[in-house]
Amino acid sequence: SRLLSQSVRLCQTAQSAKQTTASTGTEGSTKKTEATAATPDVARLLEELRSDAIVYRRVQLEKLKQILARPLEIPRDAFEFLLRCCGSLLCSETIETRMRLCEQFWFYLGPEPQPQHWKALLQVYRENEHSITDVPALLESMGTIEKDAELYRALFAALAEKGDLPEMKLVRDMMLKLEMPLTVEVLNVMIRGNGRAGDLDGVQMVLETMSAGNVSANGETYGELMIAFLRDGMTDRVLKLVREKGSQLKEDHVLELLELAVDKPKQPELVRALLKLLPEEMIEDGRIHPVLRNTLSALIRHGRYDGMLLLLGELPVPQFRANENTDGYGTFLMVEMLRHGAPFQQLDKLLAMLIRTERNLRAYHVACECAAKAGHRYFERLLTALAPLEALRPHYFWPLFLQRFKSDSEAGVLGVLKLMQKLNVEPDQETIVTYVLPKLSLTLKDARAGLKILEDRGLRMATLMTPYISHLLYQNRFTEVLDIVRRYTTKLDTEQLLWPLILQANINRTSAHQRTLCEVLRALTDRAADPKHDLGGQLLLEVISSKKSKHDATSLRSLLREYEKYELRISRMAAGVLKNHFARANGSGANRQSATGGAASEGQESTEGLLRKLTDDQLTIHSKELFETITVHPRDMNYDELECHLVELEQKKLNTRGVLRRLLLLCVRENRLERALELKRRCDAAKVEQSSGMLAALVELYTKCGDPEQAGRTLEQLRRQFPGFTIDEHKVIDYAALLVSRGQLDGARKVLRERAATGGKVRTAEGATAGKNIWQLLTNTAQYAAASSEKGAAVAAKSPNTTRQMLDLLVELGYCSYDNALLGPVVREYLLAGHYRQAIEEFKRIAIEKRRTPLQLEILTLLVGLTNGKGDAAATISVDEAKALLSEMLQTVTQIHGPVNTNNTLIVALADAGTEAQLRRMLINPEVRINHSYILTQCEFLMTSGKVDVVLRLAKCSKGLANVREQDFLQLVLGHYVRENNCEAAVQLFQRLVNDEDELKVTADFARKLSNLLEANNYEVPDGLKLYLK
1 SRLLSQSVRL
11 CQTAQSAKQT
21 TASTGTEGST
31 KKTEATAATP
41 DVARLLEELR
51 SDAIVYRRVQ
61 LEKLKQILAR
71 PLEIPRDAFE
81 FLLRCCGSLL
91 CSETIETRMR
101 LCEQFWFYLG
111 PEPQPQHWKA
121 LLQVYRENEH
131 SITDVPALLE
141 SMGTIEKDAE
151 LYRALFAALA
161 EKGDLPEMKL
171 VRDMMLKLEM
181 PLTVEVLNVM
191 IRGNGRAGDL
201 DGVQMVLETM
211 SAGNVSANGE
221 TYGELMIAFL
231 RDGMTDRVLK
241 LVREKGSQLK
251 EDHVLELLEL
261 AVDKPKQPEL
271 VRALLKLLPE
281 EMIEDGRIHP
291 VLRNTLSALI
301 RHGRYDGMLL
311 LLGELPVPQF
321 RANENTDGYG
331 TFLMVEMLRH
341 GAPFQQLDKL
351 LAMLIRTERN
361 LRAYHVACEC
371 AAKAGHRYFE
381 RLLTALAPLE
391 ALRPHYFWPL
401 FLQRFKSDSE
411 AGVLGVLKLM
421 QKLNVEPDQE
431 TIVTYVLPKL
441 SLTLKDARAG
451 LKILEDRGLR
461 MATLMTPYIS
471 HLLYQNRFTE
481 VLDIVRRYTT
491 KLDTEQLLWP
501 LILQANINRT
511 SAHQRTLCEV
521 LRALTDRAAD
531 PKHDLGGQLL
541 LEVISSKKSK
551 HDATSLRSLL
561 REYEKYELRI
571 SRMAAGVLKN
581 HFARANGSGA
591 NRQSATGGAA
601 SEGQESTEGL
611 LRKLTDDQLT
621 IHSKELFETI
631 TVHPRDMNYD
641 ELECHLVELE
651 QKKLNTRGVL
661 RRLLLLCVRE
671 NRLERALELK
681 RRCDAAKVEQ
691 SSGMLAALVE
701 LYTKCGDPEQ
711 AGRTLEQLRR
721 QFPGFTIDEH
731 KVIDYAALLV
741 SRGQLDGARK
751 VLRERAATGG
761 KVRTAEGATA
771 GKNIWQLLTN
781 TAQYAAASSE
791 KGAAVAAKSP
801 NTTRQMLDLL
811 VELGYCSYDN
821 ALLGPVVREY
831 LLAGHYRQAI
841 EEFKRIAIEK
851 RRTPLQLEIL
861 TLLVGLTNGK
871 GDAAATISVD
881 EAKALLSEML
891 QTVTQIHGPV
901 NTNNTLIVAL
911 ADAGTEAQLR
921 RMLINPEVRI
931 NHSYILTQCE
941 FLMTSGKVDV
951 VLRLAKCSKG
961 LANVREQDFL
971 QLVLGHYVRE
981 NNCEAAVQLF
991 QRLVNDEDEL
1001 KVTADFARKL
1011 SNLLEANNYE
1021 VPDGLKLYLK
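Have a look at this one:
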């Protein structure tokens, strides 16, 4: 599904009817007309505002600002309307914004306002509840204009809105002096003023005055009475009046009563009664009428979110027609809440209510789009809230990348990647190429470290490596490309690497550059996902066809000789095209100088011979640019292409079974589990025939989904229907690991034996073994066994090691052999259960029998701690016994790894669990040979585990020693923080070093590296750091 709806109005009003008509009428116009439409004139803006005021009962602030930008073009007769726009018609804006706009229009009105302008101003004062502190001064400022009864009533109403009874009495006295009659309108205003002031006795006096003067009450009178009573909390009395006199109320009074009623006791009953008084076209349509929309906006502006939800809940649920867009319902409420900074919990309540009542089933999607377009800080939280409802897609995070990069630089981009990792969203190549790599210039300064940082943020190497290499190639970083390609065995999509290679081939023709280019080509070809792709030949064809290419025949021959040196091969098609190219080039040269015709002929023959040597019939060029007419087979399509192909087949009502099967297999392989389950249901509905490969994929699917029963049934079905089929061993191992995690050890052993009995050793994709899968199986076994031992500790301490039994079975069945990684869970089982003596004995047994040392550092650290009386095992193993065990263990490990590595491991263990005196004594011992790089490698592991103090203790104790450099440890800690972009921890490290200035020294290199990190993340640089930089 799309991220969100196609159209979300971020303005506070809907598009006006006039604007819609005007935009339709201008289609096909000239550029001049289009420019005018982009910046509409004042007359057109006024027309649109008048239309909005009538149709929607609100106007757009943006249009008023556009008019204010050209004050000299405003007609004199338009100021009255523009002033009235600064009141309740701007229902989404704050009072301050409205009054500021009103003051600007009043300024441009000029020095001689007319009576209608003063009346409009007083109306704005009333609607915005603006205080009038000096009535005589205000009347005097009006000058010599005619002050009629209507103007005094407007002034009277503005004062009543604030409940200013003294000033109201003053104006009433003035009206009496001018012999203005006491009409029902004036008395209604008096009721409102007393009600606003909370003076119900005053309201009663006004009613008695009306009775004495034989003034009949009208609907407005009852409306003002109900408002006064409701403000005083008299809900029952108001409800009774609504039922008796409600039919006489005006629409404005009903809406004001609604706004007040949502926060009062018995509010649902009163709200329903008031809604019945509104015209049917406002309620029964199922849409939110503009009038009710304004009321809801006002509730949001005043922070009355529960009242807004109550009123919205009382409106009828819309009945959408087929193919009707349902995303728009309630969108304006989301926009209003974002604009006014509503608490996220309230916004979440609104979205949940819209989904629960089926008013807008895609409410979270629409809210995400609104927040993304507005650059709102809630966008990240909305995505997190959307995650449980559906599997998020990478492009949902694109606006967040832009937003966070603008605010937090590279740290923001890495933060978004961490969020995607948390929400189990894997970035695709488009996201990596467009939104990640171009924005990480500082992080990727060290290519290897940058790759590790991105891998730690959840990017799979299979997805990351190709765009990462392409990024480095565009920057001409050939040395780093070679280093990474040789270090990692990840396969590359060489088709995507073609264009940066073309760029590098065209911009430099020197022999040294060509040599390096061919070395890179050789490395890339060795890692090609498609070994038959003719990368070298396609590169040459693009070079000779490019108009920007500076290569002539001589430079191309030189490049071909480099191809020969590096054993690069080209396809027969590329060789044929190059042969014709050289023939044309040599022919033109021979025509210019016939004396060299023999030399040209010899050059042609040598070139042909070189091309024959380089030709490999197995290579092909299948570039989309060269073969656009070839239809891609579904087995060669990627996920997006298959989805599009499926939609196309469905629209044409063609057979979709093959594409469904292929798409299901691909979704399982790429861990799109929710989509895979949905495709499984569609396959069942379409009665897709289940092949052996499909059943094997279903076993993997149910295993990944954590459903052992369904996975077991599918595996049994596979064996029954296809007895000769051999399922991949990693799928069976993963299924066994799932069974173990559920406590079904016997079941796990059974499926492992059955798979081994079938024979036909099948490895995982790309020739990799199932080592990681086996390690996970053993780890699950260790965790289960340790948890079981807690229930019966006495029995468990004497029982055999369950993980060892599982490993022995795996070795016996031929799944693996004994190595350190797989023997680690065997020792880990005892450590998890708290059986430290058994763990030490198991380590000793493995070292003697297998000559392997799993969890060597952890065991030595445990023993060092016990010799100092530390750790949970101190109660069961005495200090003297621990010393004896440590000595024995060191002798055993020395026989396997030698004294140098053993002593260096002991140094790291002392730093973790020993004392500083012990560590220092070990470091200065002349008989101990220090392997500084080995210790630094161990420290990197410690930093990953969060043991910063251990590394700093090593640095402190190595101070002044020649064989161990203290600054290397500090640089390692800081380098870890740089990779993590953790400015706060880096600054804390600096402060810690400064406070302990006698212990560890801050060097200029350390200060410079820390400063670069802080500046890159816009983090405040400490004053103390600046001194070191100088």
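Numbering (full-length UniProt numbering), first residue to last: 1 to 1030.
Backbone N, C-alpha and C define an ideal beta-carbon position, used for all residues, glycine too.
### Task
Return the CA-CA distance between V795 and S789, expressed in angstroms with no decimal places.
Translated into the one-based positions of the sequence shown, residue 795 becomes position 795. Translated into the one-based positions of the sequence shown, residue 789 becomes position 789. Note that V795 scores a pLDDT of 44, beneath 50, so its modelled location is shaky; the value from the coordinates is reported in the next line. Straight-line Cα distance between these residues: approximately 8 Å.
### Task
May I ask you to verify whether the region 853–862 touches the region 907–919, counting CB pairs closer than 8 Å and requiring at least 3?
yes
### Query
How many angstroms separate the CA atom of A686 from the CA atom of F725?
In the sequence shown, residue 686 corresponds to position 686, counting from 1. In the sequence shown, residue 725 corresponds to position 725, counting from 1. So the alpha carbons of these two residues sit roughly 25 Å apart.
### Query
What are the start and end residues of the alpha helix (DSSP H) that includes N1012?
Within the sequence shown, the letter at position 1012 stands for residue 1012. Per DSSP, N1012 belongs to the alpha helix (DSSP H) from 1004–1016.
### Message
Please list the terminal residues of the continuous alpha helix (DSSP H) segment that includes H533.
### Response
Along the sequence shown, one-based indexing puts residue 533 at 533. From DSSP, H533 is part of no alpha helix (DSSP H); its letter is neither H nor E.
### Query
Between the Cα of E1020 and the Cα atoms of V184, F1006, C983, which residue gives the shortest distance?
Counting from 1 along the sequence shown, the entry for residue 1020 is found at position 1020. Residue C983 is the option with its Cα nearest to E1020.
### Query
Count the other CB atoms within 10 Å of the CB of H117; is the residue buried (16 or more) or exposed (fewer)?
For the purposes of this step, residue 117 is taken as the residue at position 117 of the sequence shown. Classification of H117: buried, given that the 10 Å Cβ count is 16 or more.
### Query
Who are L492's beta bridge partners in DSSP?
The count along the sequence shown starts at 1 and reaches residue 492 at position 492. Bridge partners of L492: A528.
### Delimiting residues of the alpha helix (DSSP H) encompassing T752
Working through the sequence shown from its first residue, we reach residue 752 at position 752. Note on residue identity: the sequence assigns Leu, not Thr, to residue 752. Taken as a continuous stretch (DSSP letters only), the alpha helix (DSSP H) holding L752 covers 745–758.
### Task
Determine contact between the region 533–541 and the region 552–570, defined as no fewer than three beta-carbon pairs at a distance below 8 Å.
yes
### Task
Would you tell me roughly how many angstroms separate the C-alpha atoms of C368 and T326, rounded to the nearest one?
The residue you call residue 368 lines up with position 368 of the sequence shown. The residue you call residue 326 lines up with position 326 of the sequence shown. Roughly 16 Å between the two C-alpha positions.
### Message
If you reduce the DSSP assignment to three classes, tell me which class I54 lands in.
### Response
The residue you call residue 54 lines up with position 54 of the sequence shown. Helix, per DSSP.
### Cβ pair T494, L524 closer than 7 Å
For the purposes of this step, residue 494 is taken as the residue at position 494 of the sequence shown. For the purposes of this step, residue 524 is taken as the residue at position 524 of the sequence shown. A contact, by the Cβ cut-off of 7 Å.
### Query
Enumerated in chain order, which unbroken segments of the alpha helix (DSSP H) with a length of 4 residues or greater are wholly contained in the region 392–427?
398–422
### Query
T295: buried (16+ other C-beta within 10 angstroms of its C-beta) or exposed?
Counting from one through the sequence shown, the residue named residue 295 turns up at place 295. Classification of T295: buried, given that the 10 Å Cβ count is 16 or more.
### Task
Would you kindly work out how many angstroms separate the C-alpha atoms of L1000 and L402, rounded to a whole number?
Sequence index remark: in the sequence shown, residue 1000 carries index 1000 (1-based). Sequence index remark: in the sequence shown, residue 402 carries index 402 (1-based). Distance between the alpha carbons of L1000 and L402: 40 Å.
### Task
Kindly indicate which residue of N801, Q66, G706 has the alpha-carbon position closest to the one of E842.
Sequence index remark: in the sequence shown, residue 842 carries index 842 (1-based). The option with the nearest alpha carbon to E842 is N801.
### Those residues which DSSP pairs with I570 across a bridge
By one-based count along the sequence shown, residue 570 stands at place 570. I570 is bridged to T615.
### Message
Quick check on the DSSP output: the alpha helix (DSSP H) that includes D306 runs from which residue to which?
### Response
Counted from its first residue, the sequence shown places residue 306 at position 306. Unbroken alpha helix (DSSP H) run through D306: 305–314.
### Nearest to Y364 (by Cα), restricted to the options A342, T357, L389, H376
Sequence index remark: in the sequence shown, residue 364 carries index 364 (1-based). Of A342, T357, L389, H376, the residue nearest in Cα terms is L389.
### Message
Using only the alpha-carbon positions, how far apart do R98 and V124 sit?
### Response
For the purposes of this step, residue 98 is taken as residue 98 along the sequence shown, with counting starting at 1. For the purposes of this step, residue 124 is taken as residue 124 along the sequence shown, with counting starting at 1. Straight-line Cα distance between these residues: approximately 9 Å.
### Message
Can you tell me whether L832 is buried or exposed? The criterion is at least 16 other CB atoms within 10 Å of its CB, across all chains shown.
### Response
In the sequence shown, residue 832 corresponds to position 832, counting from 1. Under this definition L832 is a buried residue.
### Query
Can you find at least 3 beta carbon pairs, one from the region 453–469 and one from the region 502–518, that sit closer than 8 Å?
no
### Message
Let me confirm a value: residue 1031 is counted as buried when at least 16 other C-beta atoms fall within 10 Å, else exposed. Which label applies?
### Response
Past the edges of the chain, shown from 1 to 1030, lies residue 1031, and the structure says nothing about it.
### Task
Thinking R457 and L417 are a contact (beta carbons under 8 Å), I'd like their distance in whole angstroms, please.
Taking the first residue of the sequence shown as 1, we reach residue 457 at position 457. Taking the first residue of the sequence shown as 1, we reach residue 417 at position 417. Correct: roughly 4 Å between the Cβ atoms.
### Message
Assuming N188 is part of the alpha helix (DSSP H), what are its boundary residues?
### Response
In the sequence shown, the residue the question calls residue 188 occupies position 188. Looking at the DSSP string, the run of the alpha helix (DSSP H) that includes N188 is 184–197.
### Task
Please name the residue in R515, A839, A529, E519 whose C-alpha comes closest to that of L492.
Position 492 of the sequence shown, counted from the first residue, corresponds to residue 492. The shortest Cα separation from L492 among R515, A839, A529, E519 belongs to A529.
### CB contact flag (K750, E700, <7 Å)
Start at 1 with the first residue of the sequence shown, and residue 750 comes out as number 750. Start at 1 with the first residue of the sequence shown, and residue 700 comes out as number 700. Contact: no.
### Task
Please determine if the region 449–456 and the region 506–517 are in contact, where contact requires at least 3 C-beta pairs separated by less than 8 Å.
no
### Message
I need the boundaries of the alpha helix (DSSP H) containing V811, first residue and last residue.
### Response
As a first step, residue 811 must be located in the sequence shown, where it is residue number 811. It spans 802–812 - the alpha helix (DSSP H) in which V811 sits, taken as one unbroken run.
### Query
Roughly how many whole angstroms lie between the Cα atoms of W106 and K349?
Taking the first residue of the sequence shown as 1, we reach residue 106 at position 106. Taking the first residue of the sequence shown as 1, we reach residue 349 at position 349. Each residue's alpha carbon lies about 41 Å from the other.
### Query
From which residue to which residue does the alpha helix (DSSP H) around K680 run?
Indexing the sequence shown from 1 puts residue 680 at position 680. From DSSP, the alpha helix (DSSP H) with K680 extends over 673–685.
### Query
So which of P1022, L255, E280, E281 has the shortest CA-CA distance to V271?
Locating residue 271 in the sequence shown gives position 271, where the first residue counts as 1. V271 has its Cα closest to that of L255, out of P1022, L255, E280, E281.
### Task
For the alpha helix (DSSP H) containing I300, list its first residue and its last residue.
Taking the first residue of the sequence shown as position 1, residue 300 is located at position 300. Run containing I300: 290–301, per the alpha helix (DSSP H) assignment.
### For V203, the first and last residue of its enclosing alpha helix (DSSP H)
As a first step, residue 203 must be located in the sequence shown, where it is residue number 203. Unbroken alpha helix (DSSP H) run through V203: 200–212.
### Query
In this structure, does DSSP put T867 in helix, strand or coil?
Here residue 867 is taken as the residue at index 867 of the sequence shown, counted from 1. Note: T867 maps to helix in three-state DSSP.
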